[in-house]
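This report refers to the structure that appears directly beneath it.
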Amino acid sequence: MNTPKVVIAGHICIDITPVFPDVKENIFKNQQNMTKSSINEILIPGTLVRVNDIDIHTGGVVANTGLAVRFFGLDVTLMGKVGTDAFGTMILDILKEHGSTDGMLISKVDSTSYSIVIAIPGVDRIFLHNPGANDRFSSSDLDYNEIENAHLFHFGYPPLMRHLYENKGKDLVHMFKKIDAMGIITSLDLAAVDDRSPAAQADWKEILSLVLPFVDFFVPSFEELAYMLDKPLLTRLRTASASGDPIEALSFERDVRPLAEHALSLGAKIVLIKCGSRGLYCKTADKRGFLSLRKKAEKLNFPSLLSWNNQTIAEPAFTPRKILSATGAGDTSIAAFLSAMLKGYPLGSCIKLAAATGSSCLEAYDAFGGLKPFLELQKMIDAGWSQNREG
Numbered sequence: 002m003n004t005p006k007v008v009i010a011g012h013i014c015i016d017i018t019p020v021f022p023d024v025k026e027n028i029f030k031n032q033q034n035m036t037k038s039s040i041n042e043i044l045i046p047g048t049l050v051r052v053n054d055i056d057i058h059t060g061g062v063v064a065n066t067g068l069a070v071r072f073f074g075l076d077v078t079l080m081g082k083v084g085t086d087a088f089g090t091m092i093l094d095i096l097k098e099h100g101s102t103d104g105m106l107i108s109k110v111d112s113t114s115y116s117i118v119i120a121i122p123g124v125d126r127i128f129l130h131n132p133g134a135n136d137r138f139s140s141s142d143l144d145y146n147e148i149e150n151a152h153l154f155h156f157g158y159p160p161l162m163r164h165l166y167e168n169k170g171k172d173l174v175h176m177f178k179k180i181d182a183m184g185i186i187t188s189l190d191l192a193a194v195d196d197r198s199p200a201a202q203a204d205w206k207e208i209l210s211l212v213l214p215f216v217d218f219f220v221p222s223f224e225e226l227a228y229m230l231d232k233p234l235l236t237r238l239r240t241a242s243a244s245g246d247p248i249e250a251l252s253f254e255r256d257v258r259p260l261a262e263h264a265l266s267l268g269a270k271i272v273l274i275k276c277g278s279r280g281l282y283c284k285t286a287d288k289r290g291f292l293s294l295r296k297k298a299e300k301l302n303f304p305s306l307l308s309w310n311n312q313t314i315a316e317p318a319f320t321p322r323k324i325l326s327a328t329g330a331g332d333t334s335i336a337a338f339l340s341a342m343l344k345g346y347p348l349g350s351c352i353k354l355a356a357a358t359g360s361s362c363l364e365a366y367d368a369f370g371g372l373k374p375f376l377e378l379q380k381m382i383d384a385g386w387s388q389n390r391e392g
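Read left to right, the sequence shown gives residues 2 to 392 (the working numbering).
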C-alpha cells in the first residue's frame, strides 16, 4: 500500500529548557532514584542557580508526536495554532526544517503558547506553561478536506485547550464525531490537569463518556486518566510512594487494569496507558466493542488490526543508558505505537517499539534527539536490552 497518511492536530508550543550542569555528583549520580529533597537542594528560593546552555525546541502533541511520526517514515500533516509573535515564528521555522507547515494556523489576535521546562536529570519534569493560542483552538480550525484523505487522525491535549473542554467538551465531541463518521481511525491523547487551572473545574469523567465512543485509540498517561476517573486512587498511590510519585507505587493489575477497563466501557476501542518508568499497559475491546474499528481497518486496508481485539499486554519500560529529560518521551512513544500499527506490525511489537522509543528519548533533552529507527530499536531489544520490573 501507499505510505499511510496521518493528521496530527491540537496543542503546540515552544519549550524552553535550561540545561542543568552536573555540579553536585551526590545529587545526580543516582539518576533513577532522585527525590523531592534533591530538587529542593537545587531550586532554593532567593539564590542564583547556574545553568548551562538553554535548549529551545517545539513542544506539544503537534510537534512531538507529529515530527516523530514523520521520522518513522509516514506522511504527516500538522494542524496547530500559533501567533504572529517571535515564539510563533520560531515554531514555524523549526517545523519547516522538518518538513511542511501547510496545515498550521496563524492567529493575528492570540499569543503563541510556551513552556518553561525544569528538567533536572533523573527527575520528572516541571512545566511553567502559558496555553496562548491553544485556548481558542476549535473544531472549525481543522482542514476536514485534508483529514478526509488521511488514514489516522490523532489529537492531543484537550486539558490545555480551554475551548475544547468548556461546555462539557461539546466542541471536542463534535470534532471526533465528525471525523469518526468519515471512517478515519481516530486517536486521542490527554495532558495533566493543573488543580489551580480552569480545566480542573471541568467534569472530565462526563467529557470522556461523551467523546470516547468516537475514539479508536485512547492513549493517556496513568496520572491523567486516574485524575479524571479515580482521584482517590491517585491520592492513595501518592501517599504510598516515598517521593509522592504515584508511578512508584502502582501495580499494573491492581491499579492500571481497572482504569483501562473503565475507558473501554466508555467507548474506546484500544486503550494504551503510559505508566512512566514502569512502562505501558494496553487493553483492547472485545469483539463487539471492536466492531466499528474493524470496519475501518477493512475499509482502509489494515489487515493486521483485525486481530487486535480481546488482548491485554503489560510492557515494562526499557532501561535507558542515561536520563537527561523526559520531555516528549510519552508523545514519541505514542508516535512509535501508531506508526508501527500503520506499518502493519502486530500489537505486541507495536507496544514493545513504543516502550523502547520512550526509553531512548530519555537520553536527550529534546523530544527527537533520542529517536531511533525501528530496525535499530529491534536490534537493541533482540540483544537483550534490560527492562524494569513489571508493575
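Each residue gets a CB set at the ideal place from its N, CA and C atoms; glycine is no exception.
In the three-state scheme derived from DSSP, where H, G and I count as helix and E and B as strand, residue 351 is classed as helix. Nearest to residue 204 by C-alpha distance, out of 234, 230 and 297, is 230. The three-state secondary structure of residue 101, taken from DSSP, is coil.
Pairing residue 250 with residue 238 gives a Cβ-Cβ distance under 7 Å. Here residue 153 has 7 and 186 as same chain residues with Cβ atoms under 6 Å from its own Cβ, once five neighbours each way along the sequence are excluded. Taken through DSSP and simplified to helix, strand or coil, residue 202 comes out as helix. Around the Cβ of residue 94, a 10 Å sphere holds fewer than 16 other Cβ atoms; the residue is exposed. Judged by DSSP secondary structure, residue 58 falls within the beta strand (DSSP E) whose first and last residues are 55-60. With a minimum length of 4 residues, the unbroken runs of alpha helix (DSSP H) contained wholly in the stretch 202-256 fall at 205-212, 223-230, 232-241 and 247-250. Residue 166: member of the alpha helix (DSSP H) spanning 163-182, first to last residue. Burial check for residue 111: the Cβ neighbour count within 10 Å reaches 16 or more, so the residue is buried. Where residue 335 is concerned, the enclosing alpha helix (DSSP H) starts and stops at 330-343.
Under DSSP, the beta-bridge partners assigned to residue 316 are 281. In this structure, the beta-carbon distance from residue 16 to residue 81 does not fall below 7 Å. Around the beta carbon of residue 22, fewer than 16 other beta carbons lie within 10 angstroms, which makes this residue exposed. In the displayed model, residue 145 falls within a helix according to three-state DSSP. About 30 Å separates the beta carbon of residue 18 from that of residue 76, a gap too long to meet the 8 Å contact definition.
Distance from residue 338 to residue 355 at the Cβ level is roughly 4 Å; contact confirmed, criterion being Cβ atoms closer than 8 Å. With a cut-off of 8 Å on Cβ pairs, the stretch 270-284 is in contact with the stretch 314-328, counting three or more such pairs. In this structure, DSSP gives residue 306 a helical state, which the three-state scheme calls helix. Boundaries for residue 186: no alpha helix (DSSP H) harbours it, while the beta strand (DSSP E) harbouring it runs 186-190, taken from the DSSP string. Scanning 124, 79, 72 and 107 for the CA closest to the CA of residue 88 turns up 107. When DSSP reads this structure, residue 157 sits in a beta bridge with 11 and 190. Two segments are said to touch when three or more pairs of C-beta atoms, one from each, lie closer than 8 Å; by this definition the stretch 322-330 does not touch the stretch 287-302. Under DSSP, residue 115 shares a beta bridge with 15 and 131.
Residue 218 is positioned such that its CB atom lies no closer than 7 Å to that of residue 274.
A straight line joining the alpha-carbon of residue 311 with that of residue 184 spans about 22 Å. Residue 110 carries a coil assignment under DSSP once its states are collapsed to helix, strand and coil. Assignment of residue 370 by DSSP, reduced to helix, strand and coil, places it in the coil class. Of 343, 348 and 304, the smallest CA-CA separation from residue 314 is found for 348. In the DSSP assignment, residue 80 forms a beta bridge with 10. 69 is the residue among 20, 69 and 9 whose C-alpha sits nearest the C-alpha of residue 371.
DSSP links residue 275 through a beta bridge to 222 and 281.
Within 10 angstroms of the beta-carbon of residue 190 lie 16 or more other beta-carbons, which makes it buried. In the pairwise beta carbon analysis, the stretch 95-104 is classified as not touching the stretch 44-51: fewer than three pairs are separated by under 8 Å. When only Cα atoms are considered, residue 63 and residue 71 end up about 11 Å apart.
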